[in-house]
Amino acid sequence: MRAASADTRPVHSLIPARLDRLPWARFHWMVVVGLGVSWILDGIEIQLVSASGFKETLGMSSAEVGFTGTIYLVGQVVGALLFGRLTDRWGRRKLFIITLAIYLVGSGVAGLAWAPWFLYVWRFVAGLGIGGEYTAINSAIDELIPARYRGRVDIAINGTYWAGAMLGAVGSFVLLDHSLFPANLGWRLAFFIGPLLGLAIIFLRRHIPESPRWMLTHGHAEAADRIVDGIEAGLREGGADLPPVDERRAVTIRPETSVPFGRLMHVFFERYPSRTFLGLTMMVTQSFLYNAIFFTYALVLQNFYHLNESRTALYFFPFAIGNLLGPLVLGPLFDTIGRRRMIFGTYVLAGMVLLVSAYLFKLGLLGAGTHTLLWCVSFFFASAGASSAYLTVSEIFPLEVRGQAISYFFAVAQIVGSLGPLIFGYLVGDGTQRDPLFWGYVVGSAVMMFGGIVALVCGVDAERKGLEDIADPLTKVSADGSGWLQGLAVEAARKP
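Right under this line is the structure:
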């Protein structure tokens, strides 16, 4: 419906500059709370599968329980790829409503499972929704938050995954206690934790507008102006003094309803090849390290430090707290010290601390507590770095392909990252040999530090800059009246 009513005539607009000059306000808190819940939901879902309270009820083997997590991750990849393109075509708002609804249905119905296959189907659907959330939400947040706050907000929101993981762990601890809830009921109730939270948030999302930036580039300039007018009016009513916007910051856009796949590849590999290498490297390195450590830390504690499953669960909380605090504490520095230096610092420091822990582990000088403490320190930095990977991919590519950039890079990272648990699970073995796992940690450290070095060399100084200053919209019209997309189309038409 939008595409049919889109106005494709060139338009001169100050909308991006007006959004970036806004002071922090109640509107921005609504965006953060309404959209940022996605990572909390993902953390809840991962923790629920790890708890595997459904294993006995559904008569599942350990391998089948593991496949429940795998099918959820596969759903995320498919959801990111499917909805990433749609969020660039249909808009951010429509997609962040649709994807949350898909998640609500998928996770809730999974709690009614009576057979493994039924659980697999709905865990896939839940993953489909969350994967779509990543693309639509990152795009919307970056386009609605003022430039000077964008880094800290995006990084903090991505870090709240660990708040969700802790919420899921606490919920599982209570609901899977058979003295409180029957074995066949507790895990089913646990699957409704996320949907109940999401159901409350979906009503808040109804009040979050479409991204005016997206609307501008898709032929809805007048509607975009009305949205920004409304935001500004609300701020003035609250006593805010909004300075005038420099007319020199205006952009001229010739709207396009979609970007063909061939032109998308041109953006990635011909127009911005170094940024593509940067984004892929950051996403893949953090995904590999995180999955390798997170999905095998319990095995390490059990096989090398001889903790039972109950005591192992207690060590999850300090690990999760360290991961949560990193983005919250370090996030503001990405807007002040800068993206390039902070990404380099967090990636390299995380790798170095992990390397030290690997050496002490090899010598047998660590206990369960000291090893967990070193993991906490390492992932305090790694969590901020991992969150900045999503921020980087989202802000360094043009608006018209932002959702797809996130989706493709996320999919590649998930596929490569899924090898981490497999490799490290093999290296843990039965806990009698430390050397294989030591070398695994060395490789993981090197991979993370390599990501930091690439960010230092190929990084983009995006701090406190408008998105249009970091990457020109593909639909932007230059001073001579030509546009990049139109010029590319003409060039393609001339080829035999």
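Under the numbering used here, the first residue of the sequence shown is numbered 411, with each subsequent residue one higher.
Just so it is clear, CB atoms sit at the ideal spot from N, CA and C, and this is done for glycine as well.
Same chain, Cβ closer than 6 Å to Met470, five either side skipped, listed in chain order: Result list for Met470: Pro526, in chain order.
The alpha helix (DSSP H) enclosing Ser804, as first and last residue numbers: 778-805
Ile555, DSSP secondary structure in three states: Secondary structure at Ile555: coil, using DSSP grouped into helix, strand and coil.
N-terminal and C-terminal residue of the alpha helix (DSSP H) that Ile641 is part of: 631-647
Where Val870 sits in the DSSP three-state scheme: Residue state, collapsed to three classes: coil.
Glu810 burial status per 10 Å Cβ neighbour count (16 or more: buried): buried
Rounded straight-line distance, which links the Cα of Asp845 to that of Leu775: 14 Å
CB contact check: Leu764 to chain D, cutoff 8 Å: The structure shown has no chain D; it contains just one protein chain.
Inter-residue spacing [alpha-carbon to alpha-carbon] between Ser448 and Pro420: Roughly 36 Å separates the two Cα atoms.
Local conformation of Ser888 per DSSP, three classes: DSSP places Ser888 outside both helix and strand once states are collapsed to three, so it counts as coil.
Same chain, Cβ closer than 8 Å to Gly453, five either side skipped, listed in chain order: Thr570, Tyr571, Trp572, Ala573, Gly574, Ala575, Met576, Leu577, Gly578
Rounded straight-line distance, which links the Cα of Phe848 to that of Ala435: 49 Å
Close-in-space but distant-in-sequence residues of the same chain around Gly869 (CB under 7 Å, 5 per side omitted): Closer than 7 Å at Cβ, skipping near neighbours: Leu688, Arg749, Arg750, Ile753.
Pick from Ser517, Val488, Val710, Ala550 that is closest to Thr780, judged by C-alpha positions: Val710
Sequence-distant residues of the same chain with beta carbon closer than 6 Å to Phe705, five excluded per side: Pro831
Beta-carbon separation (whole angstroms), Phe807 vs Arg685, contact threshold 8 Å: 7 Å
Contact the segment 426-442 vs the segment 638-653: 3+ CB pairs below 8 Å: yes
Burial state of Ile863 (16 or more Cβ within 10 Å): exposed
The beta strand (DSSP E) enclosing Thr662, as first and last residue numbers: 661-663
Option nearest Leu837 by Cα separation, candidates Ala823, Arg533, Val852: Of the residues Ala823, Arg533, Val852, the one whose Cα lies closest to the Cα of Leu837 is Val852.
Best match in Arg503, Trp500, Ala557, His438 for proximity to Glu805 [C-alpha to C-alpha]: It is Ala557.
Local conformation of His617 per DSSP, three classes: His617: coil per DSSP, three-state reduction.
Proximity to Ala566 [Cα-Cα], best of Phe534, Leu724, Met762, Phe791: If you compare the alpha carbons of Phe534, Leu724, Met762, Phe791 with that of Ala566, the shortest gap goes to Phe791.
C-beta contact flag for Ser793 and Pro883 at 8 Å: no
Secondary structure of Arg412, DSSP reduced to three states: Confidence in Arg412 is poor, its pLDDT being 43 and thus under 50, which makes the residue's placement too unreliable to answer from.
Reduced DSSP category for Ser697 - H, G, I as helix; E, B as strand; rest coil: helix
Contact under 8 Å by Cβ, Val655 with Leu432: no
8 Å contact criterion, which Glu873 and Asp745 should meet: CB distance rounded: Taking C-beta atoms under 8 Å as the contact rule, Glu873 and Asp745 qualify, at a distance of about 5 Å.
Cutoff 7 Å; reference Gly604; Cβ partners in own chain excluding five residues on either side: Closer than 7 Å at Cβ, skipping near neighbours: Leu451, Ile454, Glu455, Ser517.
His422 - DSSP class collapsed to helix/strand/coil: strand
Same chain, Cβ closer than 7 Å to Thr691, neighbours up to 5 away in sequence not counted: Excluding residues within five positions, the ones whose Cβ falls inside 7 Å are Gly861, Val864.
C-beta atoms of Ser697 and Val826 nearer than 8 Å: For Ser697 and Val826, yes; Cβs fall inside 8 Å.
Buried versus exposed call for His422 [16 or more other C-beta atoms within 10 Å across all chains shown]: exposed
Run of the alpha helix (DSSP H) containing Lys772, from where it starts to where it stops: Segment 749-772, the alpha helix (DSSP H) holding Lys772.
Classification of His588 by the beta-carbon crowding that lies within 10 angstroms, buried from 16 upward: Exposed, since its Cβ has fewer than 16 Cβ neighbours within 10 Å.
Per-residue DSSP class, three states only, for Gly475: Here the sequence assigns Val to residue 475, which means Gly is not the residue at that position. Reduced to three states, the DSSP call for Val475 is helix.
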